[in-house]
Amino acid sequence: MTNGCVKIRFRATNILPGLDCGTADLLNYKKKLRDSSFTANMSKVLVIERCDLDIKRNSRSHHTELCAQERLIVRRGQPFNIMLHLKSGSKEFKPGETSFTFIAETGPLPREESDTKVSFGLRDSTVDTEWSASATNDPSGNTVSVSISSSPNAPIGVYSLTLDQEGQKTSLGQFILLFNAWCPRDAVYMRSETKRQEYVLAQHGQIYKGTYKRIKGIPWNYGQFEPGVLDICLKILDTNPRFVCDADKDCSARRNPIYVTRVLSAMINSEDDDGGVVVGKWANYSDGVDPGRWISSTDILSQWAESGPVRYGQCWVFAAVACTVSRALGIPCRVVTNFESAHDTDGSLVIEYLFDEDGETTGNDSIWNFHVWVDSWMTRPDLGPEFDGWQTSDPTPQETSEGLYCCGPASLRAIKEGELTTKYDAPFIFAEVNADVVQMMCLPNGECVEIRSTKSVGQYISTKAVGSDDRHDITHQYKYPEGSEEERRVYEKAQHHNKLQQRGEEPGLHLKIKLADNMIVGSDFEVSAVLTNNCMEAKTCSFLFFATAVSYKGQRGERCGFVLDKVKVPAGEERRLSLRLEYERYGSVITSDRMIQLTAISTDKQTIDFHKAEKTIVLDEPVINIKLVREATVNQSMTAELTLMNSLPESLLDCSFTIEGIGLTDGKPITAKIEAVGPKQEAKASIEFSPTRAGTSVLLVNFDSDKLKNIKSFINVVVKE
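Taking this note's numbering, the leading residue of the sequence shown gets -1, the next gets one more, and so forth.
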């Protein structure tokens, strides 16, 4: 015994029957056994010299040919082919005799229990319900063609593929697996090929802004197939807190587009300090980018990948980025704009305003002139087949959901039918498109007058049309026609209060606002409030009409016009109150949204009768004229000649034109700065660019200056070889 240890010496004898040997002899014998076993196994193993993932052909059949061609990107539930090139002298592949087992793994902790690791052997042919493989031998005997089909319910992500032959493993490479709108068994399956082309493959589109009276489409580059974008989208999934907390559970859940869409709703914004993509801000962008300047998701995603959350974005930016990421991952997606969009802060499904006699308002509820979100296409097995189809999710951080700033996905069918107990966040989205509005004015004697509007919220809900740049009105998908029995029935079910109220115009005073024909920024123009008396007797009223600068979010700024009068309106007649809006007053207070809210209020103090009308105008912007010099040809320089007339009665400083287009400007914006432009003078610039890809694309143009910001236009470009 030494230091508390016992040393034991022994001699190994008769370890195996008929063998009498020492320790060294035993080790040599065991080595011979292993070598002979290895040699026996090797005789059954095909020696693979290399694996060809056949990227080009697989990309065409899986609709991923627009992605980078240096790696394999396929869609789940659909076979792809690989070629195994055998080493000279290797054993020949024999169907039914050669033993192949394939192993596909994804995530940092692949496990069969989580479906992030799966093993499968050869069959006579692949099946469309699970991971499977089949193989055929090339007549030369040197090549084995393997067809592999993934499960239509497999988690999406980066996979490694390994071949196991009798315990001898060979790495065959990596591939990326996406959702598959072409696969009938996939949860995101979409029957229409034209819709798949639009909602999965289209790389540019239109996003609608303004007001429901003046809807304006702005062009946007989604660029989901641009180099590096898919990797960034996968990085977003890997950055989300659920992955950080439990990578195994998160990666397993990526089989479900409902889960992935909800993660994206939280991660496109950075409100929860979770490293999300875009920081939201609605004023003072001095330490970032004015949200109105963005025209491309790829610029935002690239910046996020390099340096973290991008400053700044607003609702259309959040929605556009969410659309890009969804389409990149294979989820059909569209960008949707809701005009007169309600923000219900207390969950009452009623937007409540309290006014004093001066027209000032209190309360947390608001109505945005427009709000933008996304719809994604998928089945809802958690709700039932009647709720399949478009699902609304909103990445703009407004209210928390399950502790995070996210919203949806909520079934459009559930929203339309008022089924607000369904997941996720259906009551909030229902209120955005169909809340009632209650306006109350408190008089000096303490009495309150109430006006209820059931038709003002949720106007002209819009998305880009399939296959064209036209606007498609989808209001009917979100709710029944305003004023119909179905719409009131749904609201009553959702609200659990009053029965359907009678429709139609009631006798009394009616107030409306009329606009001028030409309201271009920089001009002076006149608007009017018209008070009509449908009563049997004359009415004497206090008549107030004023203008206020406002952001698209509904946030009021300074007043830029005001008029007050006391009018007597005979029975059956009308009185008009005119307000002249002058650039000298509104030019310095309006935001880059160029919006002015007009408010008219009439009060009959004798009968305690109160009426209010509002209308938000978007000042027209100057038009950018685009002229292309020479025909567009791949790798041939060409010029875009750009002009814009300064509509302001003052000079513009820090002027610039910027162009960008997929396959046109090498993935980067090109900016031309110009000198100051005098009042009513023309800004001009010529920008050279060289197309890099043949086909149809869109050249986006943006003009910016100190006083006229984010003026946009576009032109379709057909590039020839």
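In this text, a Cβ means the ideal position worked out from N, Cα and C, and glycines have one as well.
Cβ shell of residue i (< 7 Å), same chain only, five flanking positions each side left out
i	result
residue 808	There is no way to answer for residue 808, as the model of the chain reaches only from -1 to 719.
residue 148	74, 75, 129, 175
residue 33	Note that residue 33 scores 46 on pLDDT, short of 50, meaning its location in the model is unreliable and no value can be drawn from it.
residue 395	267, 269, 278, 403
residue 384	411
Exposure of residue i, with buried meaning 16 or more beta-carbon neighbours within 10 Å
i	result
residue 586	exposed
residue 312	buried
residue 278	buried
residue 417	buried
residue 446	exposed
residue 58	exposed
residue 647	exposed
residue 536	exposed
residue 694	exposed
residue 606	exposed
Of the residues the options, the one placed nearest residue i, counting alpha carbons only
i	options	result
residue 334	420, 385, 267, 431	431
residue 72	163, 174, 89, 111	174
residue 669	696, 702, 695	702
residue 410	690, 537, 372	372
residue 301	282, 275, 314	275
residue 689	661, 94, 231, 438	661
residue 143	269, 543, 607, 81	81
residue 561	569, 524, 538	524
Close Cβ partners of residue i (< 6 Å) along its chain, the five nearest in sequence each way excluded
i	result
residue 682	641
residue 772	No answer is possible for residue 772: it lies beyond the span of the chain, which begins at -1 and ends at 719.
residue 684	637, 639
residue 440	446
residue 675	644, 650, 653, 681
residue 19	Caution applies to residue 19, whose pLDDT of 41 falls short of 50 and renders its modelled position unreliable; the model cannot decide the point.
residue 710	216, 700
residue 239	272
residue 213	206
residue 573	529, 565, 567
Local conformation of residue i per DSSP, three classes
i	result
residue 466	coil
residue 403	coil
residue 495	A caution first: residue 495 carries a pLDDT of 31, below 50, which makes its placement in the model unreliable, though a value can still be read off. Coil at residue 495, not helix or strand.
residue 152	coil
residue 34	Note that residue 34 scores a pLDDT of 42, beneath 50, so its modelled location is shaky; the value from the coordinates is reported in the next line. Reduced to three states, the DSSP call for residue 34 is helix.
residue 723	Coverage of the chain is limited to positions -1 through 719, which leaves residue 723 absent and any answer about it impossible.
residue 87	coil
residue 227	helix
residue 220	coil
residue 180	coil
residue 292	coil
residue 369	strand
residue 380	coil
residue 1	With a pLDDT of 40 at residue 1, under the threshold of 50, the predicted position of this residue should be treated as unreliable, though the coordinate-derived value follows. If DSSP states are grouped into helix, strand and coil, residue 1 belongs with coil.
residue 460	strand
residue 501	Residue placement at residue 501 cannot be trusted, given a pLDDT of 30 that sits under 50; the coordinates are not used to answer.
residue 707	coil
residue 718	strand
residue 301	helix
residue 627	strand
Limits of the unbroken beta strand (DSSP E) element including residue i
i	result
residue 544	537 to 548
residue 340	331 to 341
residue 653	653 to 658
residue 280	Note, residue 280: premise wrong, no beta strand (DSSP E); not H, not E.
residue 611	607 to 616
residue 639	636 to 643
residue 578	572 to 579
residue 413	No beta strand (DSSP E) holds residue 413; the alpha helix (DSSP H) holding it covers 410 to 415.
residue 389	387 to 391
residue 531	523 to 531
Residue range of the alpha helix (DSSP H) that includes residue i
i	result
residue 430	424 to 432
residue 265	255 to 265
residue 240	239 to 243
residue 326	313 to 327
residue 476	473 to 476
residue 54	53 to 59
residue 192	191 to 194
8 Å CB neighbourhood of residue i in its chain, flanking five on each side removed
i	result
residue 584	545, 547, 558, 559, 594
residue 319	266, 275, 276, 295, 298, 299, 311, 393
Chain C within 8 Å of residue i, Cβ atoms only
i	result
residue 336	Reference to chain C is not applicable here, since this structure consists of a single protein chain.
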